[in-house]
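Peer 1: Our numbering applies: residue 2 is where the sequence shown begins, and numbers increase by one.
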Amino acid sequence: MSKRIIYECSVKIDDLDFSVLLDDNYCGHSIPSSIHDHPAFEAHFVQTGQYTLQIDRGKLQLSGGTGCVIKPSIYHSVFPEEQDTVKYCFKFYSFSQSTLLSQIMKSEKWKDGIFIYDQISDEMRMMQQILYEFEHRAIGYQMSIDNLFSQLLLTVIRKIIDIRHPKGTPIQDPDNEVLVNVIDEYLYRNYMKNISLSDVAQHLKVSERQVNRLMLNLYGSSFKQKIIQIRLIAAKNMLLQDKHATQAQISEAVGYNDPYYFAKVFKETTGMTPDEFRKASNCSQTTLLLIKQDSNTSI
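1) Could you pull out every residue in the same chain whose Cβ sits closer than 8 Å to the Cβ of A202, ignoring the five residues on either side in sequence?
2) Determine the burial state of T363: buried for a count of at least 16 other Cβ atoms within 10 Å of its Cβ, exposed for fewer.
3) Going straight from the alpha carbon of I14 to that of S108, what length do you get?
4) Go ahead and pull the three-state DSSP assignment for K244.
5) Which runs of the beta strand (DSSP E) spanning at least 3 residues fall entirely within the region 101 to 145, listed in chain order?
6) Excluding the 5 residues flanking Y8 on each side, which residues of the same chain have their C-beta closer than 6 Å to its C-beta?
7) Which residues mark the beginning and the end of the alpha helix (DSSP H) in which T270 is found?
8) Specify the secondary structure class of Q55 as computed by DSSP and reduced to three states.
9) Are there 16 or more other CB atoms within 10 angstroms of the CB of L155, so buried, or fewer, so exposed?
10) Where I105 and I158 are concerned, what is the direct C-alpha to C-alpha distance, given to the nearest angstrom?
11) List in chain order: all unbroken alpha helix (DSSP H) runs of 4+ residues lying wholly within the region 193 to 236.
12) Would you kindly work out how many angstroms separate the C-alpha atoms of E186 and I140, rounded to a whole number?
13) Where does T49 sit, in a helix, a strand or coil, going by DSSP?
14) Could you give the DSSP three-state label for E253: helix, strand or coil?
15) Distance check for E82 and I117, CA to CA, integer angstroms please.
16) Taking the DSSP output, what are the residues bridged to G68?
17) So, at 7 Å on beta carbons, what are the nonlocal neighbours of K301 in its own chain, with the 5 sequence-adjacent residues on each side left out?
18) By the DSSP assignment, the beta strand (DSSP E) with H343 in it spans what residues?
19) Pairing CB atoms from the region 60 to 80 with CB atoms from the region 220 to 228, are three or more of them under 8 Å?
20) Identify the residues that DSSP records as bridge partners of Q62: which are they?
21) Just to confirm the assignment, what range does the beta strand (DSSP E) spanning Y89 have?
22) In the DSSP assignment, what residue or residues form a beta bridge with K13?
23) According to DSSP, is D25 part of a helix, a strand, or is it coil?
24) Output yes or no for whether 8 Å exceeds the beta carbon distance between F96 and V21.
25) Which residue from A246, I228, I251 puts its Cα closest to that of A236?
26) Helix, strand or coil, according to DSSP, for I161 in the structure here?
27) Going by C-alpha distance, which of M127, R138, E136 is nearest F150?
28) Does the beta-carbon of A44 have 16 or more other beta-carbons within 10 angstroms, so that it is buried, or is it exposed?
29) For I146, collect the residues of the same chain with a Cβ closer than 8 Å to its Cβ; drop the 5 residues on either side in sequence, then sort them by chain order.
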């Protein structure tokens, strides 16, 4: 079930315009959701309790006093492990061309598209003040919330960006980050349909040859390879999340009309059939341990 957006504002940091979103699950005891993705960054700040962050590569434990930022287009789910849990979250995105966005995306602090850190007292204070302003709605509350989000987003971005980059180091191809966002958004919204290279070319308003050249430059893979990768990530998550979903149901849900062809592609890519992957995952149940590091340490 999609979450309802209850507040949205614009924040400008240097030359980059962000949209910041709050949905109706932004505070309190998190409502568990199925694994999903979207073209926005997602930030979580855990106040109390223990949460599990499920991603394609496994699970991460988030405890009280932990901050977590998830990159766009990363399949994930965050759910509480205890009854007495409280966290705050918000989303932000930008499709503008900017060196700052390139710095954010290229930071060495990302690991599998996730940045986890501690020392979040400033973030917690600002989120609590945002909540207070939103609930009481006194004169000027919107201006106050927008200002608080400007400070909050700046704080988070400064922690994401790798401060070890020498000042003045050129960031190559900022245009590429915008293209990645545009292509990712289109593919992740449509992978379950029978989309083709020509559909992507039409969306980008370029030739099919240009699309393949772009994708090889940006991803190191062709359109066909990229769409298989996205579909199989979705299929793996369905195999792990829904123990009763059949191969035919999963095949159809991720864009394959023929379940036998889906199984063939799955085995060629992973070395296992879908059933073997599900059984192996049930046996291993590998949990990735969270090593809490300060905000100036790469993870």
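Note that the Cβ used here is the ideal one computed from N, Cα and C, for glycine as well.
Peer 2: The answer reads as follows:
1) S208, E209, Q211, V212
2) Past the boundaries of the shown model lies residue 363; the chain is included only from 2 to 300, so the question cannot be answered.
3) Each residue's Cα considered, the two are about 17 Å apart.
4) In the three-state scheme derived from DSSP, where H, G and I count as helix and E and B as strand, K244 is classed as coil.
5) 115 to 118
6) L23
7) 260 to 271
8) strand
9) exposed
10) CA-to-CA, the gap between I105 and I158 works out to about 7 Å.
11) 198 to 205, 209 to 220
12) 38 Å
13) In the three-state reduction of the DSSP assignment, T49 falls in the strand class.
14) helix
15) 18 Å
16) F46, Y118
17) Because the chain spans 2 through 300 in this model, residue 301 falls outside it and cannot be assessed.
18) Nothing can be reported for residue 343: it is not among the residues displayed for the chain, which extend from 2 to 300.
19) Between the region 60 to 80 and the region 220 to 228, the count of C-beta pairs closer than 8 Å stays below three; the two stretches do not touch.
20) T53
21) 87 to 94
22) D18
23) coil
24) no
25) I251
26) helix
27) M127
28) buried
29) Y8, C10, I131, E134, F135
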